Amino acid sequence: RNYRSHTECRGDINRLNTPFLAIYESLIPAEEEKEKQKQLMALLDKHVKKEWPGARLFLYGSCANSFGFRKSDIDVCLAMGDADINKSEILLRLADILKSDNLENVQALTRARVPIVKLMDPVTGISCDICVNNLLAVINTKLLRDYSKIDVRLRQLAFIVKHWAKSRGVNETYQGTLSSYAYVLMCIHFLQQRSPSILPCLQDMEITYSVNVDNVKCSFFDQVEKLQGFGSRNGEGIAQLVWAFFNYWAYCHDYANDVISIRTGSIVSKRAKDWTRRIGNDRHLICIEDPFEVSHDLGRVVDKRSIRVLREEFERAAEIMQHDPNPCVKLFEPY
Ligand code: ATP
Ligand code: MG
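Under full-length UniProt numbering, the first residue of the sequence shown carries the number 389, and numbering increases by one thereafter.
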């Protein structure tokens, strides 16, 4: 392979801003979807409160982190307060309760990696997964949502990247490629690293929000309305950023030594984290540090085969962004 870094972007890059923004606009959910989600949450909440008065329901994942496409399923977390519960028992009981209402396809998957109840609400048409006590996901959802409020280019970039990953088949953790969550972390890191930077590092600022979850201290600056205009010294448009994002992952990232870390707002070394060799199933071939569970590498699903697939896709995207007359079509061509 040739590791050619395009140090200079094509001259007509800004002509691509309009078509990329049109794609972004076509993917964002309509307002009425939010209303339907609220309606379903209210129904679920009624059932949960009746059975477990102390419990609470939270939305998490793409329906709440602002990076969700239209017509997505919703992810819900049932917070039971007590950590010492039998999740399977709760989920089986929850499934029974929900079956007795007119919810469809209610199923408890108690043996999944993250045990859940799945269901479909025929009134709103929304499908939903409910897990128990997955509070770190609720907190990382808030962190992502807070970042998205600082500069609209994060949401634009993440939508384009997720759309690209889904079109190209590289958003499948069971096949060794990356989760949507991992791609959003890559986008945040990338915008923290622009010069001038487009995003700050919220975990490296004054602490205005702090919770302890599963023995992990999660704290960061969350008064993001005070950070409006943070990135305005950087005038790069979406097309330029998409180009630079793929150029970075195709030709500039040091896969052998570097870990991207939005927690620190920079790169940390694999050596410092002891992520230099395979341990169990964690190969650390592309390293993306979780902002709170810092021993957790979101790239751990990637293996010898899928790292090649991923890197070839980054290179393909970078080449298209550099040379193709019509990148907004070519980039998203089904594989
Ligand atoms: P999509 O639009 O593809 O459904 P999504 O934002 O729901 O995207 P997922 O990757 O399905 O993304 O993850 C849902 C949520 O679960 C994330 O927002 C995050 O809060 C949490 N999550 C997912 N994977 C991990 C992980 N490996 N470690 C910690 N939290 C995770
Ligand atoms: Mg999801």
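Just so it is clear, CB atoms sit at the ideal spot from N, CA and C, and this is done for glycine as well. For clarity, every value in this text was computed on a predicted model and none was experimentally measured.
Between the Cα of E420 and those of K438, S683, G513 and Y448, spot the shortest distance and give me the residue it belongs to.
G513
Chain-order list of residues whose beta-carbon lies under 6 Å from that of A570 (same chain, five-residue window excluded):
I676 and L686
What do you reckon, is the C-beta of G449 under 8 Å from a heavy atom of the ligand MG?
yes
Exposure label - A553; buried when at least 16 CB within 10 Å:
buried
Range covered by the beta strand (DSSP E) that runs through A570:
Per DSSP, A570 belongs to no beta strand (DSSP E); it is in the alpha helix (DSSP H), S568 to Q581.
Quick one: grab the DSSP three-state call for A706.
helix
For N645, three-class secondary structure by DSSP:
coil
Over the uninterrupted alpha helix (DSSP H) stretch that includes Q425, give me the two end residues.
E419 to E439
Tell me whether F457 counts as near the ligand ATP, meaning its Cβ is closer than 8 Å to at least one heavy atom of that ligand.
yes
So F680 packs on N521, CB below 8 Å; how close in whole Å?
F680 to N521, Cβ: 15 Å. No contact.
Cβ-heavy atom distance, S536 to the ligand MG, below 8 Å
no
Using only the alpha-carbon positions, how far apart do S649 and I667 sit?
20 Å
Kindly identify the DSSP beta-bridge partner or partners of D600.
What sits at residue 600 in the sequence shown is Asn, not Asp. Answer by DSSP bridge pairing, in chain order: K605.
Contact under 9 Å by Cβ, Q591 with R665:
no
From H641 to H551, what distance separates their C-alpha atoms?
22 Å
Would you decide whether K437 is buried or exposed? Buried here means 16 or more other CB atoms lie within 10 Å of its CB.
exposed
Measuring from the CB of S568, is there a heavy atom of the ligand MG at a distance below 8 Å?
yes
Looking at L447 and L486, is the spacing between their C-beta atoms short of 9 Å?
no
Length at least 3, wholly inside the UniProt domain "PAP-associated" (626-684): the beta strand (DSSP E) runs in chain order:
646-649, 654-657 and 675-677
From which residue to which residue does the alpha helix (DSSP H) around A483 run?
K475 to K487
Quick one: give me the first and last residue of the alpha helix (DSSP H) that I538 is part of.
L523 to I538
Any non-hydrogen atom of the ligand ATP closer than 8 Å to E461 Cβ:
Looking at the sequence itself, residue 461 is Asp, so the reference to Glu does not match. D461 Cβ: within cutoff of the ligand ATP.
Is N622 near the ligand ATP, with its Cβ less than 8 Å from a heavy atom?
no
Quick one: measure Cβ to Cβ for P588 and L615, integer angstroms, because I've assumed they're closer than 8 Å.
6 Å
E413 versus S567, N402 and Q544, residue with shortest Cα-Cα distance
Q544
Might you give, ordered along the chain, the residues of its own chain that have their beta carbon closer than 6 Å to the beta carbon of I478, omitting 5 neighbours on each side?
V520
As assigned by DSSP and simplified to three states, the class of E594:
coil
In its own chain, which residues sit with a C-beta less than 6 Å from the C-beta of S515, not counting the 5 before and 5 after it?
D461 and M508
Helix, strand or coil: how does DSSP classify F446 here?
strand
Do you know how far the Cα of T561 is from the Cα of residue 725?
Look at the range of the chain in this structure, 389 to 723, and you will see that residue 725 is not part of it.
Starting from I462, follow its DSSP beta bridges and name the residues at the other end.
C516
Taking the alpha carbon of A467 as the reference point, which residue from A546, Q495, N493 and I518 has its own alpha carbon closest?
I518
Near A638, which residues of its chain fall below 6 Å by C-beta distance, leaving aside the five closest residues on each side in sequence?
F702, E703 and A706
Is any heavy atom in the ligand ATP found nearer than 8 Å to the beta carbon of N645?
no
Nearest to N453 (by Cα), restricted to the options E492, K434, G564 and S568:
S568
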